[in-house]
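Below: one structure, written as structure tokens.
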Amino acid sequence: MGQARYSIGIDLGTTNSAMAFAPLQGSERSDVFAVSQWDSLSGLSSSPTLPSFLYLPGEAEAAQLQGRQAGSGAWIVGRLARRKASEIPGRVAHSAKSWLCHHAADRTQPFLPWGSDDVPAAEKISPVRASALILNYLRGAWDSRFAASGADFRFDAQEITVTVPASFDEAAQRLTLAAAHEAGMPKSVRLLEEPQAAFYCWLERHDVEHDLRQRLGGPDTDARHVLVVDVGGGTSDFSLFELDRSRERAGNTAIRRLAVSDHILLGGDNIDLALAHHVEQRLALGDGKLSGAQWEHLVARCRDVKERALATEGAAEDVFPISVPGRGSRLFADAASTHLLRSEIEGLLIDGFFPACALGERPQRALGGLKEWGLPYAFDSAVTRHLAHFLAGRPHVDAVLFNGGSLYPAALRRRICEQITAWQGGYAPLVLDNVEPDLAVARGAAHFGRLLHLRAERIEAGAARAVFLETQRTAVHGGGDSGTGDDAPERRLVCVLPRGAAPEQTFALEGLALELRVNRPVRFQAYSSTRHRKSRVGDVILWSENTFEALPPLETVVKIADEHGGDDAGATLPVRLNATLSELGLLQVSVHSTDPRIDQSWPLDFNLRPHDRVDTGTAPPPGGALADVRANADPAMVAAASARITAAFSAPAGKRDKLTAGRLLQGLEKTLGLARAEWNWVLVRALWPALAAGMAERRQSVEHEEAWLIVAGFLLRPGYGAPMDDERIDALWRLRDRGLYFPGKRSKLQEYILWRRVAGGLARDRQESVLAPELAKLRAPKDPPPELVRLAGALERVGHEIKAELIESFIAASVRLASAGQHCAPFLAALSQLLNRSPLYAGPEAVVSADLVETAFEAFRELDWSHPELAEMKTLFLRAARVVDDRRIDVPPSLARQDRQQAGKAGGRAATHRPLARVRAPRTPGPPGTLRRSVAGWTDLRRRHVGRSLIRRRICRLARRRRSHRGIRTGGHQRHRRRKFRGDRLRAQGHADIAPFPPQRHLVGEVDAAEPAVVAAKQGKPVGVKIGQIGDMPGHRAEGGAMAAVDQPVIHLHRRLP
């Protein structure tokens, strides 16, 4: 690699990106790199900015561009892509940068263009990949111009700085660097906050003493404060800097960054959406709400109109026409048009985004704000209120620097200045000039890289926010029993990295006398704060919702050798925590042994996988941080239970006492002294290593294999939610590689149930690998096993093409069976998951098109939903048609209205239909306790609440009442009428797949306690039951849409057939 000649600065923007460069030697100022890009399918042009839009051309267009495409890869980046956003929005990916800080989505999974059916799932890209393609395009553009000049001029040989919002947390920063590395950039690429870069651009062109201090006046010894307000396409960023003459270095005024704002997903995109909502009310097409494709057209047109209107001054009466195409075959006939006046646009901006407010006002908060394109935008759109909250309690602003394309209009800058003046009692700040607000960040980043190379004085920045770890879960008040509900959540956080920490400075947390269990997963819940400026390492403070932002958890496994106690299940190791801010700007936390015999350390890594469906900034449940969450059984009992599992599977098959999962789990209950419903997630996962070690013992007999599969599903359900579940799923996946030793019906059915139970822990490729060999059975004319149908429905991450095929097949099977009065619950249950608008564990990218919901509704419309065989129908459409306030996901209002009417005819409380009419705020998950479907945060339903005698009496009444009840024989799936049930075969179970009898010829009926159980269990009352569907439910979603799945008790009615 050659010697670096330039410092390159890249502004990776939400709407536009830019690249600038500055020579490392000499005094030349930074210059902007003009990027060559497609302006149309027939011509290229150069521009100082590169629109951050990516377009996937169709076959004809790709052939037209073949051999002369700018850049590399199938996606077109830049102006042409942006133009196509208003013509073919379904083939354009945008706002990738906004996704990088969205913790509720897996940003490494391909789902862009968001909500589009125009791009096949296999060709979609992830937010990280989209960012990498933009960066790679800029890299290629540089090399196409300079690489021929020699190795010293190649892109990879230069000093490279990529900018990010100052509000990006550590996880988003890591993903940005991952995108840069995926784009082929060198490992030495650095990150710089965008407001800092904008200030560096001003400093490159101005003298602080002459252009700032002398203009401000006052004593030279007084510190001065500069505010940078950066409102771009996707975020609003504020940073406050202090210029202190008393701390002069080498004749230069010392500049220190005092504060940065929290992450605010509020910018030009929000203005576009607000204009589009305003225009939509005028169009009033059909239901008064545009389709997803029409909406994308309208947003793109509003974006163009906004930029044309704000780029220049003009008369208030200036007219900007807007048109939207019709739907389907009536594309042109149903087209609608309207217009916006310049005065309307400016009024909406001033009143909606920059209203007058007091300094003490706080931004309005809610569980969720505006959601478009799947992104959780700020609930309060008033930039001025966010700024007031940021400046509260901080020094007066002497000067302000505006940056970002959204602040081009002079009226907006004047409004902000007026507000700051009012907050400061009439003291007006000096406005610093910025003639290129869309290019200043790239220029400043290039200048920063040069200063760094020359080791010149730079802004003292350090860590933008303090980092804390949770230390305590609850504090018991009033002396009450911890299990009685007297526990009041009291999160205590310990500071591990102070705000302003210098790069490469290590902070050791030694005063807490920490001990961690060895050879087991460890999870630390991390938080960040921009407000706790005075917190020092080791300070313990109370958590507050308004001042802390939750980060992804930090995880590791502390592994030590057996001679040091690694073979002891209860062994602990004294440790300290070290935290460092790397030179690249990344947080690094590690655990170090303080035992003199063990000189080891273990890095803590952010777990970036979105285990919980929560919005960014909401706090996770208490516990799971430094709090010592342990198994709720004595370590000796846990060891004995593990030994019992090992002994059970290593023993040969007996003729009399055959191994069954039921007997083994009952034995474990006796060993541990706890019913299964009382086992917490730590205890359940602690038993997995013993079972995993006996995976090969399945070969002894079909009973061994069947029991192993059942217990594995019990110990690992739902496949995620506990620290290091990824590793456990990796270990379980060896089952796929080795296959079943007894691939008959008994083992195969239990394998279906196992993969369904852990489906949430399977990545998309694994889910599709599980489903692929079973597609032939699902496509066959003969109905597949109910267990396989339910498995297919539970695989939420499989591609949309496969889902569409399954939905079509299951609809046809349900209609055929229901029309004949036959049992179709498995198909309806699977459809309720495949059509769900709010998946149980997958991200919003897994939601299928609303057109499929409409197809299902039309197919089921004529059926009687009140019939017992169609009891699942209301649940199906409660999930499939619920409102989530995302246009790409929501079904048309007319369909939701018809669904409510149909469900109302079938009976039930009107309150249960509310999610079909409006968005319901998610309920806060309960605290972690006993094992649930999702190990962390789901509602707990304990079987001790289920009175067995009550259930038996209820079953007998229901069985007598329903003499025509049809069961399904698990072996041949044949239907039988009017059978006598034996009382000695009755058993209440928490899991339908742990059967007390081999699946020979016997009837299976089931009582499902889903709906009443959720309510009754929370109130501590006995649970009522009702006749329901075959097989255990995949989980119940509460009215509010929160992930409130439970282990639902089901009662099997077994009877041997003659």
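The sequence shown begins at 2 in the working numbering and counts up by one.
Positions of the beta carbon are idealized from the N, C-alpha and C atoms, including for glycine.
- Contact between Arg6 and Gln159 holds: their C-beta atoms lie close to 7 Å from each other, under 8 Å.
- Residue environment: Gly235 is assigned as buried (16 or more neighbouring CB atoms within 10 Å of its CB, all protein chains considered).
- The alpha carbon of His801 has as its nearest neighbour, out of Ala649, Pro111 and Arg246, the alpha carbon of Pro111.
- Counting other Cβ atoms within 10 Å of its Cβ, His448 reaches 16 or more and is therefore classed as buried.
- Comparing alpha carbon positions, the residue from Ala184, Gln295 and Ala317 closest to Gly327 is Gln295.
- Contact annotation: Leu660 and His705 have beta-carbon atoms nearer than 8 Å.
- Inter-residue distance for Leu578 and Glu471 is about 13 Å (C-alpha atoms, whole angstroms).
- DSSP, read as helix, strand or coil, puts Trp603 in strand.
- In this structure, the beta-carbon distance from Val590 to Trp603 does not fall below 8 Å.
- Partner residues in the beta bridge of Tyr528, as assigned by DSSP, are Phe469 and Ala551.
- Take the alpha-carbon of Pro636 and the one of Pro522: they are about 16 Å apart.
- Taking every protein chain shown into account, the CB of Pro597 has fewer than 16 other CB atoms within 10 angstroms, so this residue is exposed.
- Going by DSSP, Glu707 is part of the alpha helix (DSSP H) stretching over Val703 to Leu717.
- For the stretch 19-83, the full-length beta strand (DSSP E) segments reaching 3 residues or more read 36-41, 44-48 and 50-52 along the chain.
- By the C-beta criterion, the stretch 179-190 is judged to be in contact with the stretch 122-133, since at least 3 inter-stretch pairs fall below 8 Å.
- Look at Phe861 here: in three-state DSSP terms it is helix.
- Shown here for Leu193: same chain residues with a beta carbon closer than 7 Å to its own, the five before and five after excluded, namely Thr162, Thr164, Ala446 and Phe449 in chain order.
- Beta-bridge annotation (DSSP): Phe154 is not paired with any residue.
- The beta-carbon separation of Ile346 and Val280, rounded to 11 Å, does not stay under the 8 Å limit for a contact.
- The alpha-carbon of Arg898 is positioned some 48 Å away from that of Cys418.
- The DSSP assignment places 400-404 as complete runs of the beta strand (DSSP E) inside the stretch 344-416, in order along the chain (cut-off: 3 residues).
- For Ala634, the closest alpha carbon among the candidates Asp245, Gly663 and Thr672 is that of Thr672.
- Excluding the 5 residues flanking it on each side, Glu314 has same chain C-beta neighbours closer than 8 Å at Ala411, in chain order.
- Around Gly512, the same chain offers Gly539 as residues with beta carbons nearer than 7 Å, after the five sequence neighbours per side are excluded.
- Gln589 is bridged by DSSP to Thr581.
- Exclusion of the five residues before and after Ala708 leaves Leu660, Thr661, Ala662 and Leu665 as the residues of its chain whose Cβ lies within less than 7 Å of its Cβ.
- Three or more beta-carbon pairs drawn from the stretch 72-86 and the stretch 51-59 are found closer than 8 Å, and the two stretches are therefore classed as touching.
- In this structure, DSSP gives Cys303 a helical state, which the three-state scheme calls helix.
- Under the Cβ criterion (8 Å, minimum of three pairs), the stretch 40-51 counts as touching the stretch 80-99.
- One Cα belongs to Leu832, the other to Arg838, and the distance between them is close to 12 Å.
- Contact check for Val432 against Glu195 fails: the beta carbons are separated by 8 Å or more.
- The alpha-carbon of Asp231 is positioned some 5 Å away from that of Asp238.
- Remark: C-beta atoms of Glu550 and Met725 do not approach each other more closely than 8 Å.
- Cβ neighbours of Arg686 within its own chain (closer than 6 Å, five residues either side excluded): Ala723.
- Fully contained in the stretch 819-884 are the following alpha helix (DSSP H) runs of length 4 or more, in chain order: 826-835, 851-861 and 874-881.
- Straight through space, the alpha carbons of Gly668 and Val261 are spaced by roughly 57 Å.
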